[in-house]
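Those sequence lines, one after another, are chains W and Y. Once you know that position 47 of the first sequence is 47 in my numbering, the rest is easy, because the numbers rise by one and skip nothing. Residues are numbered in my numbering as their position in the second sequence, beginning at 1, plus a constant of 70. Don't be surprised by glycine CBs; every beta carbon is placed ideally from N, CA and C. Every value quoted in this text rests on a predicted model; they were computed, and no experiment measured them.
2 protein chains.
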Amino acid sequence: MTDNIRILFGRHVRKLRQENGISQEELAFSSNLHRTYISDIERGVRNVSLDNIYKIALALDVSPKDLFDF
Amino acid sequence: MTDNIRILFGRHVRKLRQENGISQEELAFSSNLHRTYISDIERGVRNVSLDNIYKIALALDVSPKDLFDF
Chain W
1 MTDNIRILFG RHVRKLRQEN GISQEELAFS SNLHRTYISD IERGVRNVSL DNIYKIALAL
61 DVSPKDLFDF
Chain Y
71 MTDNIRILFG RHVRKLRQEN GISQEELAFS SNLHRTYISD IERGVRNVSL DNIYKIALAL
131 DVSPKDLFDF
């Protein structure tokens, strides 16, 4: 079941990124994270923590809460 | 600024826990996390990750999204 939150979170990050019309590379650049890390998040294999949740939210111009709106 | 999300998250966990009328010990027990870890989260010193966010949400009977409603 904790796998599930990673998967739901990752899918939602991908959705928001695509809605923003930016690539994984672009999200990686603006969030100051590695592209493979972004890819892993979107595939639901990363146990993302608060600091990086915040960086991704900022880069996608949403609130951290919006990243959990799934 | 990333310190800030830990602090905001921690305060909100504390608020929701107190609204639930349970102690840190009780939250620790029901989330299967250590009491000192719960205390650290509430003090904003932990970089909590998805799996534990999920456990805490479940123990507080809220959605992960509600934990970010600050």
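Check your understanding: When the cut-off is 8 angstroms and only beta carbons count, does valine 48(W) lie next to chain Y?
Key -> One-based indexing of the first sequence puts residue 48(W) at position 48. Closer than 8 angstroms to some Cβ of chain Y, the Cβ of valine 48(W) qualifies, so yes.
Short CB-CB distance (under 8 angstroms) between isoleucine 126(Y) and chain W: Along the second sequence, read from residue 1 onward, the residue named residue 126(Y) stands at position 56. Not closer than 8 angstroms to any Cβ of chain W, the Cβ of isoleucine 126(Y) fails to qualify, so no.
Residues in its own chain within less than 8 angstroms of serine 138(Y) by CB, not counting five upstream and five downstream? Here the question's residue 138(Y) lines up with position 68 in the second sequence. Before going on, a small fix: residue 138(Y) reads as phenylalanine here, not serine. Taking C-beta separations shorter than 8 angstroms and ignoring five residues to either side along the sequence, the partners of phenylalanine 138(Y) in its chain run Phe79, His82, following chain order.
### Where serine 49(W) falls: helix, strand or coil (DSSP)
The residue labelled residue 49(W) in the question sits at position 49 within the first sequence. Here serine 49(W) sits in strand by DSSP.
Exercise for review: With 7 angstroms as the limit, tell me which residues of the segment 72-100 of chain Y have their beta carbon closer than that to any beta carbon of chain W; keep them in chain order.
Suggested key: Thr72, Ile75, Arg76, Phe79
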